[in-house]
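Trainee:
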Amino acid sequence: MSFIELAVPYLNLALSESFGIINILIIIFIFFGVLLLIVLRKSYLLNKENERLEALNDKMNKELDQDNKPYEDFTDGHMYGEK
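Under this note's numbering, the first residue of the sequence shown is numbered 11, with each subsequent residue one higher.
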């Protein structure tokens, strides 16, 4: 028996093990790729929501500035009595 005849079964076993490892690595790569896509989408949506809220905040601040009334003393009510 030659060395090649003895090595063929072990070579087949090693190749099948390497295909198993490759399959596991592919599954892990796909899993983390999907997680990355989910995180990127969530980040995009949060950024969009942040821009919308900033625009709303600016709009509300402008409305408050337009309604900027002088301070009115609220102690003129019936509970405090007249001075």
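Ideal placement from N, C-alpha and C gives every residue a C-beta, glycine not left out.
Keep in mind the model is a prediction, meaning the values are calculated, not measured.
In whole angstroms, what is the alpha-carbon distance linking P80 and I48?
Mentor: As a first step, residue 80 must be located in the sequence shown, where it is residue number 70. As a first step, residue 48 must be located in the sequence shown, where it is residue number 38. Looking at the two C-alpha atoms, the distance is approximately 50 angstroms.
Trainee: Alpha carbon to alpha carbon, what distance is there between V44 and K72?
Mentor: If you number the sequence shown from 1, residue 72 lands on position 62. If you number the sequence shown from 1, residue 44 lands on position 34. Using only the alpha carbons, I get a separation of about 42 angstroms.
Trainee: Would you report the Cα separation of S53 and E82, rounded to the nearest angstrom?
Mentor: Translated into positions along the sequence shown, residue 53 becomes position 43. Translated into positions along the sequence shown, residue 82 becomes position 72. Going by the C-alpha atoms only, they are around 45 angstroms apart.
Trainee: With DSSP collapsed to three states, give me the class of E73.
Mentor: By 1-based counting over the sequence shown, the position of residue 73 is 63. Residue state, collapsed to three classes: helix.
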